[in-house]
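full-length UniProt numbering numbers the first residue of the sequence shown as 1 and each following residue consecutively. All C-beta atoms in this analysis are idealised placements derived from N, C-alpha and C, irrespective of residue type, glycine included. Following: one structure in structure tokens, then a few remarks.
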Amino acid sequence: MFHFAANKNAAADDIEQYRFNNELTETVLDRMDEVGVDNIAFTSSSTVYGESPRPTPEDYAPLEPISIYGASKLGEESLLSVYANSHDFTAWVYRFANIVGPRLQLGAVIPDFIDKLEDDPESLTILGDGRQEKSYMHVDDCVDAMCHVVEHADSDFNVYNLGTRTTTSVTTATSSNTPTATSTSTIWGRERRPP
1 MFHFAANKNA AADDIEQYRF NNELTETVLD RMDEVGVDNI AFTSSSTVYG
51 ESPRPTPEDY APLEPISIYG ASKLGEESLL SVYANSHDFT AWVYRFANIV
101 GPRLQLGAVI PDFIDKLEDD PESLTILGDG RQEKSYMHVD DCVDAMCHVV
151 EHADSDFNVY NLGTRTTTSV TTATSSNTPT ATSTSTIWGR ERRPP
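So, in structure tokens, the structure goes:
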């Protein structure tokens with residue numbers, strides 16, 4: 001079972017998002033148990049790490065998410081760990097960086113930038129100061145990595161970071177990947193909202 005479903009509006013910071021994602025995953029796990037499916041590949045997020053140093057190893061602790069979305073993903077990972085250990089499941093957890101490629105929808109970094117710049121080509125507001133370094137991984141490479149992990153990792157509960165070895169600043173990613181950005185576009189940073 002590949003579980004990709006979630007409310008992924010990371011900017012929403014709404015406790016309802018936490019409940020929805022955790023209840024959805026609990027329902028998926030219960031149904032899997034009922035019908036005898038005992039393998040699950042789950043899409044988590046690097047947001048579970050919060051403001052930890054980068055690059056962050058999978059065994060980094062403590063995990064201190066700074067958004068409701070990150071907290072919901074960490075909660076779902078905990079449910080998967082319980083099921084893997086008490087229901088004889090095998091779980092593969094993928095903590096994604098930023099996945100890019102064709103057919104991305106709003107809610108992903110680059111499409112959001114494009115949408116904002118189409119509304120106002122002279123100004124773009126981003127979270128933080130734009131100097132944050134992030135990993136951007138192409139969707140094809142991501143799928144290949146997920147399949148490789150499922151085929152080769154054999155612990156009951158497996159956690160893998162999926163991203164690239166290199167990082168790009170948000171400002172650079174915005175300038176080089178958004179066709180509507182111009183040299184006269186002003187990029188504004190804003191403070192994070194508290195959860």
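**OP:** Hey, could you find the ends of the beta strand (DSSP E) N7 is sitting in?
**Re:** Here N7 belongs to no beta strand (DSSP E), and DSSP marks it neither H nor E.
Original post:
With a cut-off of 8 Å, does the C-beta of T167 fall near any C-beta of chain B?
Top reply: Included in the structure is just one protein chain, with no chain B present.
Original post:
Is it right to say S44 is buried, meaning 16 or more other beta carbons lie within 10 angstroms of its own, or is it exposed?
Top reply: Buried, since its Cβ has 16 or more Cβ neighbours within 10 Å.
Subject >> CA-to-CA distance, D14 to E133, given in whole angstroms >> reply: One C-alpha to the other measures close to 26 Å.
Subject >> Three-state class that DSSP yields for E122 in the structure shown >> reply: Looking at E122 - three-state DSSP - the assignment turns out to be coil, as it is neither helix nor strand.
Original post:
Looking only at C-alpha atoms, which of N161, T167, M146 and P53 sits nearest to I40?
Top reply: The option with the nearest alpha carbon to I40 is M146.
Original post:
If we call anything under 8 Å between Cβ atoms a contact, is F157 one with A71?
Top reply: Not in contact: F157 and A71 (Cβ atoms no closer than 8 Å).
Original post:
Can you name, in chain order, every residue of its own chain whose Cβ lies under 6 Å from the Cβ of M137, other than the five neighbours on each side?
Top reply: Hits under 6 Å: A97, I99, G163 and T164.
Original post:
How would you label A6, buried or exposed, when you count the other beta carbons within 10 angstroms and need 16 or more for buried?
Top reply: When all chains shown are included, A6 counts as buried.
Subject >> CB contact flag (residue 198, F42, <8 Å) >> reply: Shown here, the chain extends from 1 to 195; a query on residue 198 therefore has no answer.
Original post:
Contact check, E118 vs V93 under 8 Å by CB: the rounded distance?
Top reply: Contact doesn't hold; Cβ gap of about 35 Å is too wide.
**OP:** Whole angstroms is fine: what's the gap from G50's alpha carbon to I66's?
**Re:** Each residue's CA atom was taken as its position, placing G50 and I66 some 5 Å apart.
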